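Working notes, structure below.
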Amino acid sequence: YGLTSIENLDGSISSPLWLRRKLERAGLKSVNAVVDLTNLVMLEQGQPLHAFDADALESMTGQPVTPENFGLRQAKEGEPFLGLDGRELELDERCQVVTCHDQAVALAGVMGSAQSGVTSHTRRIWLESAMFSPSAVRTTARALGLRTDASSRYEKGLPIEMTLVSAQRASTLMAEHLDAKAKGCW
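First residue of the sequence shown: 981, per this note's numbering; consecutive thereafter.
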């Protein structure tokens, strides 16, 4: 599991035409330059990545966020979750979640939460590159009837050596195309 702190971002920047076209050819829709670059790395390397808006995490938890504040646990019975797709879900113990200060901020290997997603206001992110159990991702996706580009890759299993390499590639692309600054990798 790796987290990289990236600052000096402008979440309102649209992706360049070449990137939008590349994603469209792969069947992915363009969201914004930050998310699109993580999706490009997923297409290149096979490793899904997730960008959490650092300020949104601090706002929703009411506390500063460090890498130690992230965790992984089974969802609580009836735990509410609003996905990036806008669906309001009620989770159960079959679902595995990524947490920040014990609040569910992503369905592990499936989808992030709307509250912590990258928006036009995003200026700092926590870039997650993780290795999740294929069976845990499959169970979560099936329990919710939710299959994503990320879950389809995690369900098949991924080479662990690509986890941090992919985060570095995304950090480099964000530095090149968005003038972002990686502050460290944990």
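Don't be surprised by glycine CBs; every beta carbon is placed ideally from N, CA and C.
The structure presented is a predicted model; accordingly, all values stated were derived computationally and were not measured.
Check                                                                                                                          : Outcome
Terminal residues of the alpha helix (DSSP H) in which Leu-1102 lies                                                           : The amino acid occupying residue 1102 in the given sequence is Thr; Leu does not appear at that position. No alpha helix (DSSP H) holds Thr-1102; DSSP gives it neither H nor E.
Met-1111 - DSSP class collapsed to helix/strand/coil                                                                           : coil
C-beta contact flag for Val-1077 and Leu-1087 at 8 Å                                                                           : yes
Contact under 8 Å by Cβ, Gly-1026 with Met-1111                                                                                : no
Nearest-angstrom Cβ-Cβ length linking Phe-1061 and Leu-1069, presumed shorter than 8 Å                                         : 5 Å
Close Cβ partners of Thr-1120 (< 6 Å) along its chain, the five nearest in sequence each way excluded                          : Cys-1075, Gln-1076, Leu-1087, Val-1090
Beta-carbon contacts of Glu-1004 that lie in its chain and below 8 Å, excluding the five residues immediately before and after : Ser-1010
Three-state secondary structure (DSSP) of Ser-1131                                                                             : helix
Host beta strand (DSSP E) of Ser-992 (start-end)                                                                               : First-last for Ser-992: undefined, no H or E at that position.
Same chain only: Cβ atoms within 8 Å of Ile-1184, ignoring 5 sequence neighbours per side                                      : Missing from the structure shown is residue 1184; the chain here goes from 981 to 1166 and no further.
Beta-carbon spacing of Asp-1072, Ala-1123 below 8 Å                                                                            : yes
Short Cβ contact (8 Å threshold) for Trp-1106 with Leu-1017                                                                    : no
Which residues DSSP lists as bridging His-1157, in chain order                                                                 : In DSSP, His-1157 forms no bridge with anything.
Minimum C-alpha distance to Arg-1149 - residue among Ser-1132, Ser-994, Val-1014                                               : Val-1014
Whole-angstrom distance between Asp-990 and Gly-1172, CA atom to CA atom                                                       : No statement about residue 1172 is possible, as the shown extent of the chain runs from 981 to 1166 and does not include it.
Three-state secondary structure assigned by DSSP to Lys-1163                                                                   : strand
Span of the beta strand (DSSP E), counted from its first residue to its last, around Asp-1033                                  : 1029-1033
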